[in-house]
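A quick write-up on the structure given underneath.
In the working numbering, the protein residues as written are 429 to 797.
What follows is the structure in C-alpha cells.
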C-alpha cells in the first residue's frame, strides 16, 4: 500500500530548500511517483521561476505518464508569472494528484483541485496538511491579511536578562544557536531592531552561513526622531538588500535630508504614545511585499511589539548563565499587573543547541485556516 504521508514529507523537505528565495510566493515541493518509485523531484527555487510541479515533471520526463504527483500546495489554475501548473500536469499524463493543502488565497482556493477533478484526475487532499501550513505560515498570513508573519527572537540568561546592566550582550548564546539565528535571517524577508540596538552593538544585521550562500534580509531600524549615527555599519553595507529607517512623520526635515542624501530609504509612520506605531508599521511594510519579519530587539522594541499585538511567534534561546542581579530584561516597559492577564505561548517546540535550549511557539491568536 502506498504511504502517502512518507512521500509528502519528502516533498515538504524539498519545499524547505526554497526558504529565503521564493517570497512573496510560498515554498512548494513536488514528487512524481510511478509504480511506487520516485521518478521526478522538484521545488520552487526562486520567485518568478518555474513552480515545483513543473520542475518535478521536467525531472521525470516521460516516466510521469500514468503516474502520481505529490505536491505540498494546491496546483495553481491561473496565469501569473508562470502558466497554470494544472495544464502542465494534464499534459504530462498524471492520473493522481496528492496535495497537502488548498491554496489559502480565497480568490483561487479550490480552483486547481476542481479543474483537475473535472478533467478526470483523482485528487487527494489534506495529506500532512498541518506540516504544510506550518512551513508556509508567512505566506498564509500575508496572502490573507496583507501583513507579515512576525517572529520575535531573543537570547536570554536563565534569570531572564538579554544584556548586563552595562548593555553587554556578547555572547549570551553559543555558536550553534547563533548559526540558527542566521538561518532565521535567511528565511525571513526583513529584520527589525530599535535605535538602541544599533547604538550599543553597531550590528550589520546580515546573513552569514558557512554552508550556503545566505540571503540578507531587508533591515528595518526603528528610529522615531532619526537620531542614528550616520557612520553605523548598517548604513554602509555591501548587501543587495536595503536598510530602511522607520521614523515619525514629524521627524526633523534636516535629518531626513541627511539620510536621503546617503541613499537610505525612509519609511514615515504614525506614532502612538510618542513611539512608532508598530501596528501601523506592519501594514506599511506589507505594502512593500514583506511577508515575514524577524524582530531582534532591543527590550523596548520587544515590549512594544508584544503589547501592540503584532507578534505571531516567539523564538527564545535560554543560555545556562545567571547574571544574579540587575540587567536588561527581555521586555522593558509597562507589564501586566496580574499573572492571569499574561499572554500564553502555544504549539511549543523545543530544540537543544549544545547547552542552549531554544523554545519556540505561537503567541498570536491569528487563525491561518
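Glycine included, each C-beta is placed from N, C-alpha and C at the ideal position.
If you're wondering where the values come from, they're calculated on a predicted model, not measured in any experiment.
Exercise. Residue 498 and residue 544: beta carbons closer than 9 Å?
Worked result: Looking up residue 498 in the chain shown gives position 70. Looking up residue 544 in the chain shown gives position 116. If you check the CB distance, residue 498 and residue 544 do not come in under 9 Å.
Exercise. By Cβ distance below 6 Å, which residues in the same chain neighbour residue 640 in space, the five residues on each side in sequence not counted?
Worked result: Counting from one through the chain shown, the residue named residue 640 turns up at place 212. Counting only Cβ-Cβ distances below 6 Å, and skipping sequence neighbours, we find nothing.
Exercise. Expressed to the nearest angstrom, what Euclidean distance is found between the alpha-carbon atoms of residue 565 and residue 740?
Worked result: By 1-based counting over the chain shown, the position of residue 565 is 137. By 1-based counting over the chain shown, the position of residue 740 is 312. So the alpha carbons of these two residues sit roughly 10 Å apart.
For this session: Measure the alpha-carbon distance for residue 601 versus residue 448 and round it to whole angstroms.
Result: Counted from its first residue, the chain shown places residue 601 at position 173. Counted from its first residue, the chain shown places residue 448 at position 20. Approximately 24 Å between the Cα atoms of the pair.
For this session: Check whether the stretch 637-654 touches the stretch 665-673, counting contact only when three or more Cβ pairs, one atom from each stretch, lie closer than 8 Å.
Result: yes
Exercise. Can you list, in chain order, the residues of its chain whose CB lies under 6 Å from that of residue 719, leaving out five sequence neighbours each side?
Worked result: Taking the first residue of the chain shown as 1, we reach residue 719 at position 291. 451, 452, 566, 570, 576 and 617.
For this session: Going by CA-CA distance only, name the one from 532, 533 and 546 that's closest to residue 799.
Result: Here the chain covers residues 429 to 797 and nothing more, so residue 799 does not appear.
Problem set entry | Burial state of residue 615 (16 or more Cβ within 10 Å) | The residue you call residue 615 lines up with position 187 of the chain shown. Answer is buried; the Cβ neighbour count reaches 16.
Exercise. From what residue to what residue does the beta strand (DSSP E) around residue 494 run?
Worked result: Counting from one through the chain shown, the residue named residue 494 turns up at place 66. Residue 494 -> no beta strand (DSSP E), and no H or E assigned at all.
Problem set entry | Contacting residues, own chain, Cβ-Cβ under 6 Å from residue 797 (five flanking each side not counted) | Taking the chain shown and counting its residues from 1, one reaches residue 797 at position 369. Residue placement at residue 797 is flagged as unreliable, the pLDDT there being 49, under the threshold of 50; the coordinate-derived value follows with that caveat. So the list is empty, once near-sequence residues are dropped.
Problem set entry | Residue interval of the beta strand (DSSP E) (run including residue 583) | Translated into the one-based positions of the chain shown, residue 583 becomes position 155. Its beta strand (DSSP E) spans residues 577-584.
Exercise. Do the CB positions of residue 785 and residue 745 come within less than 9 Å of each other?
Worked result: Counting from one through the chain shown, the residue named residue 785 turns up at place 357. Counting from one through the chain shown, the residue named residue 745 turns up at place 317. Yes, Cβ-Cβ distance for residue 785 and residue 745 is below 9 Å.
For this session: Express the C-alpha separation of residue 657 and residue 684 in angstroms, rounding to a whole number.
Result: As a first step, residue 684 must be located in the chain shown, where it is residue number 256. As a first step, residue 657 must be located in the chain shown, where it is residue number 229. Rounded to whole angstroms, residue 684 to residue 657 spans 13 Å at the Cα level.
Problem set entry | One or two residues paired with residue 696 in a DSSP bridge | By one-based count along the chain shown, residue 696 stands at place 268. Its beta-bridge partners are 675.
Problem set entry | Inter-stretch contact at 8 Å, needing at least 3 Cβ pairs: the stretch 457-475 / the stretch 582-590 | no
For this session: Confirm the yes/no value for this check: CB of residue 604, any heavy atom of the ligand MN, distance under 8 Å.
Result: Ligands displayed in this structure: none; no statement on the ligand MN is therefore possible.
Exercise. Near residue 610, what residues of its chain come up, given a Cβ to Cβ distance below 6 Å and the 5 sequence neighbours on each side ignored?
Worked result: Working through the chain shown from its first residue, we reach residue 610 at position 182. Here the set comprises 635, 636 and 637.
Problem set entry | Cross-strand partners of residue 502 (DSSP beta bridge) | As a position in the chain shown, residue 502 is number 74, starting the count at 1. For residue 502, which the question treats as bridged, DSSP gives no partner whatsoever.
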